[in-house]
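Following: one structure in structure tokens, then a few remarks.
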Amino acid sequence: MRIVVDAAVFDPGAELNGFSAGVSGMGAVVSFSGIVRQSEAGDLEAMEIEHYPGMTERAIGKIAEEAQARWSLGDVLVIHRYGRLVPGDPIMMVATAAPHRKDAFEAAEFLMDYLKSRAPFWKKEQTRGGADWVAARDEDETALSRW
Amino acid sequence: MRIVVDAAVFDPGAELNGFSAGVSGMGAVVSFSGIVRQSEAGDLEAMEIEHYPGMTERAIGKIAEEAQARWSLGDVLVIHRYGRLVPGDPIMMVATAAPHRKDAFEAAEFLMDYLKSRAPFWKKEQTRGGADWVAARDEDETALSRW
Amino acid sequence: MDVLYFAWVRERIGVPKEKVDTGAATVADLVRELSAREERYALAFSDLSALRVALDQDLSDFDAPLDGVREVAFFPPMTGG
Amino acid sequence: MDVLYFAWVRERIGVPKEKVDTGAATVADLVRELSAREERYALAFSDLSALRVALDQDLSDFDAPLDGVREVAFFPPMTGG
């Protein structure tokens, strides 16, 4: 299991290759990369991500352990950035390796659903008009109920 | 949409980065990479993949179009190799980009389920004891029923 | 008409592709005609539930008419991915 | 005990972290105590349904006892990923 919480930019392709090279006997690797998306109005200047140092690593570690307990996984990778990001920047990434594709897909979706609502990150969007905290979405909370 | 059917090896990380760089306004990129897995007995020497040139590209193109019709996607990538592969080699890859993670995940799983059973590839496993065609699994056929 | 064979169907029949001169109306008729010709065809086509057929590179079925079809392919269930 | 605030809770209260000397038995008691002190706390804690609390870096709830707890954190629902 590798968990990285860092302000620095990361290279999703290099991370995917490094992750895949580190597992053996796994037929399936699934990755998710989250990217800062420009707003529909096209006025997003930056996304500030705040987190709770200490609790962040702890919460992600527990979510990753839960995924490893529920599915047959070779390995789990979670990378999440904080600080000031601009549209097009990679925010975060998860990767899962498993003997079969079903486990790899389900575990990656589980990790994403829990990271969304249970890892202590908060996003603030800065536009020309001002800055606003991103509100949690009900659908992200209800997404947890399927697990 | 990019579809590659080739005997040559590919670099999943470089493909992921190239794919992500080519889409804009997408918050979510999901990738699946399939890797030749060593057998439980540890005696797999090679995996020979046969395909039906012409029909292969056509069948994959239709599956990718169906995915684009069903989900809100920025782009779709499918790479599938044929020929002689050895354990640890990348076999294939799909990637999907979407504004939101749910579409990217579902479309990637849909692509995988259909590629498994509807793209004209056949695998033959070569071990010290001989060579055998891989049988289609009932669970791969039933996986289609969820879509 | 071109008839193509893949995977173990190709191995049993012994060729990947051949020209077949036939007046068969449907795929099933073509299968019966070939099976009557030689033992290797009868062997390859002995269990149709284990076979798939494509007409002009689209998946089809054994009841389908061959009218206008230029390329027929027989193969086992696919194992891609 | 250390009390931490994040996101808009931090902005409303004006500090990211402070030492609080309290005999509050539960999180809810602490919230009442702080809210009675100054308007900025009352404002930040006015709708508890919009808040989450962590005790020693584990998610908890407002009924939880504070006995033995060294670090309490208040923040809005998380928006990771």
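Protein chains in written order, with this note's numbering: chain S, 1 to 147; chain X, 148 to 294; chain U, 295 to 375; chain P, 376 to 456. Backbone N, C-alpha and C fix where the C-beta goes; we use that ideal spot for every residue, glycine too. From a predicted model like this one, the values you see are computed outputs, not experimental measurements.
| Check | Outcome |
| --- | --- |
| Are at least three pairs of beta-carbons, each pair with one atom in the stretch 122 to 142 of chain S and one in the stretch 99 to 110 of chain S, less than 8 Å apart? | no |
| Between which two residues does the beta strand (DSSP E) containing Glu332(U) stretch? | Neither: Glu332(U) is in no beta strand (DSSP E) and is coded neither H nor E. |
| Using a beta-carbon distance below 7 Å, is Arg217(X) in contact with chain U? | no |
| Would you list the residues sitting across from Ile49(S) in a DSSP beta bridge? | Gly83(S), Lys123(S) |
| Could you tell me the alpha carbon to alpha carbon distance between Asp433(P) and Gly172(X), rounded to whole angstroms? | 35 Å |
| Expressed to the nearest angstrom, what Euclidean distance is found between the alpha-carbon atoms of Asp323(U) and Pro370(U)? | 19 Å |
| Quick one: what does DSSP say Ala439(P) is sitting in, helix, strand or coil? | coil |
| Would you verify that the beta carbon of Met372(U) is, or is not, closer than 7 Å to some beta carbon of chain X? | yes |
| Counting only runs that start and end within the stretch 68 to 119 of chain S, where is the beta strand (DSSP E) found for 3 or more residues in a row? | 75 to 81, 83 to 85, 90 to 98 |
| Name the residue from Asp89(S), Val5(S), Asp75(S) whose alpha carbon lies nearest to the alpha carbon of Ala46(S). | Asp89(S) |
| For Phe449(P), tell me which candidate among Gly74(S), Met55(S), Ser33(S) has the shortest Cα-Cα distance. | Met55(S) |
| Go to Asp287(X), then tell me how far its alpha helix (DSSP H) extends in each direction, as first and last residue. | 285 to 290 |
| Out of Lys263(X), Phe268(X), Thr243(X), state which residue places its alpha-carbon closest to the alpha-carbon of Asp285(X). | Lys263(X) |
| Once you ignore the five residues that flank Glu106(S) on each side, which residues in its own chain have a CB closer than 7 Å to its CB? | Trp71 |
| Identify which residue in Gly189(X), Pro200(X), Val225(X) has its Cα closest to the Cα of Val233(X). | Gly189(X) |
| In chain order, what residues of the same chain have a beta carbon less than 6 Å from the beta carbon of Phe300(U), not counting five sequence neighbours either side? | Phe369 |
| Which of helix, strand or coil does DSSP assign to Asp337(X)? | As shown, chain X starts at 148 and ends at 294. That puts residue 337(X) outside it, with no answer to give. |
| Taking only the alpha-carbon atoms, compute the straight-line gap between Val23(S) and Asp75(S) and give it to the nearest angstrom. | 7 Å |
| Buried or exposed for Glu212(X), going by 16 or more other Cβ atoms inside 10 Å? | exposed |
| Give the interface partners of Leu115(S) over in chain P, defined as CB-CB distance under 8 Å, in chain order. | Gly455, Gly456 |
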